[in-house]
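For what it's worth, my numbering labels the leading residue of the sequence shown as 224, then goes sequentially.
Glycine residues also receive a C-beta, built at the ideal position from the N, C-alpha and C atoms.
Below is one structure, written out as structure tokens, with a few remarks after it.
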Amino acid sequence: MYLASDISFPRHAHEQFGIGVIARGGHRSWSGKGLIEAGPGNAIMVNPGEIHDGSPIGKQLRTWRMLYFTPSLLEHYLPHDISGDIELTRPAVYDPILSRLFSQFFVSVTDTLAEPLMVEEHGLLLLNHVLNAHSTQHTKTEHTTPDIDKVRQRLDDAPEQLTSLAELAETIGISRFQLLRAFTRELGITPHAYLIQRRVQLARQLLLSGKSLSEAALDAGFADQSHMTRAFTRQIGIPPGRFKMSQT
Numbered sequence: 224m225y226l227a228s229d230i231s232f233p234r235h236a237h238e239q240f241g242i243g244v245i246a247r248g249g250h251r252s253w254s255g256k257g258l259i260e261a262g263p264g265n266a267i268m269v270n271p272g273e274i275h276d277g278s279p280i281g282k283q284l285r286t287w288r289m290l291y292f293t294p295s296l297l298e299h300y301l302p303h304d305i306s307g308d309i310e311l312t313r314p315a316v317y318d319p320i321l322s323r324l325f326s327q328f329f330v331s332v333t334d335t336l337a338e339p340l341m342v343e344e345h346g347l348l349l350l351n352h353v354l355n356a357h358s359t360q361h362t363k364t365e366h367t368t369p370d371i372d373k374v375r376q377r378l379d380d381a382p383e384q385l386t387s388l389a390e391l392a393e394t395i396g397i398s399r400f401q402l403l404r405a406f407t408r409e410l411g412i413t414p415h416a417y418l419i420q421r422r423v424q425l426a427r428q429l430l431l432s433g434k435s436l437s438e439a440a441l442d443a444g445f446a447d448q449s450h451m452t453r454a455f456t457r458q459i460g461i462p463p464g465r466f467k468m469s470q471t
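Rendered as structure tokens:
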């Protein structure tokens, strides 16, 4: 959620983990971990059941974005990678990596056209960083080499089809984050980035075969023509419309 307020919140608790980033103004909060102050770019975090309050610093309006994760959601996303109770140890921290990952996930999770694969990737990257950098738990490092070629072949064979990390991970019997980590390590890009590359290549072939821009976007698996245009331009260097005209 996106919040803009000069209200002081009384002491209260949430049932979920809360992770947010201050965008503007200053925020002061007390919790069992002490009194903290956070400004623009600072991340704020709270544990389930942790009593805390919140107020602006001075009279300036403060704005921030906040996401909440149930404990069961973390266990669902990272079932093989964590064990025991999780506690976030830093109620406020300046961490540019966390802020960047939070922004990516926030944008994708609030985009109604975002694919599950991209949302899962951004969520896992954020949670993995938070757990390893700012919690009592750390994700495990696997000692096996998953069959990433099998996953890659699935994306090569049907790039136009929707998929998810859960589906891809199930094909080789590992967790979603283990797949994301192994795929990125082996190929240098995430599964979603690889899938978009394959879709652009498919769209290029469809345009060369005479398909219209809208037909190529749909048949290649893009949400709409504008999504194809952005991805195509980034990868090929020119918009698909100009590419199509250059081939006639």
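Sequence ranges, beta strand (DSSP E) only - wholly within the region 298 to 332, length at least 3: 315 to 317
C-alpha gap between residue 442 and residue 406, whole angstroms: 26 Å
Simplified DSSP state of residue 260, which is helix, strand or coil: strand
Ordered list of alpha helix (DSSP H) runs contained in the region 339 to 385, each at least 4 residues: 339 to 357, 371 to 380
One or two residues paired with residue 244 in a DSSP bridge: 266, 288
Beta-carbon gap between residue 383 and residue 323 smaller than 8 Å: no
Cβ-based neighbour list, residue 271, same chain, cut-off 7 Å, excluding 5 preceding and 5 following: 237, 238, 239, 240, 294
Beta-carbon contacts of residue 261 that lie in its chain and below 6 Å, excluding the five residues immediately before and after: 245, 250, 267, 315
Between the CA atoms of residue 355 and residue 281 - distance to the nearest angstrom: 34 Å
Beta-bridge partners of residue 277, as assigned by DSSP: 232
Residue range of the unbroken alpha helix (DSSP H) whose run includes residue 415: 414 to 431
Terminal residues of the beta strand (DSSP E) in which residue 254 lies: 250 to 254
Residue 333 burial status per 10 Å Cβ neighbour count (16 or more: buried): exposed
Host alpha helix (DSSP H) of residue 237 (start-end): Neither: residue 237 is in no alpha helix (DSSP H) and is coded neither H nor E.
First through last residue of the alpha helix (DSSP H) which encompasses residue 337: Here residue 337 belongs to no alpha helix (DSSP H), and DSSP marks it neither H nor E.
Unbroken alpha helix (DSSP H) run spanning residue 272, endpoints: Note, residue 272: premise wrong, no alpha helix (DSSP H); not H, not E.
Extent of the continuous alpha helix (DSSP H) to which residue 452 belongs: 448 to 459
Residue 468: first and last residue of the uninterrupted alpha helix (DSSP H) it sits in: 463 to 469
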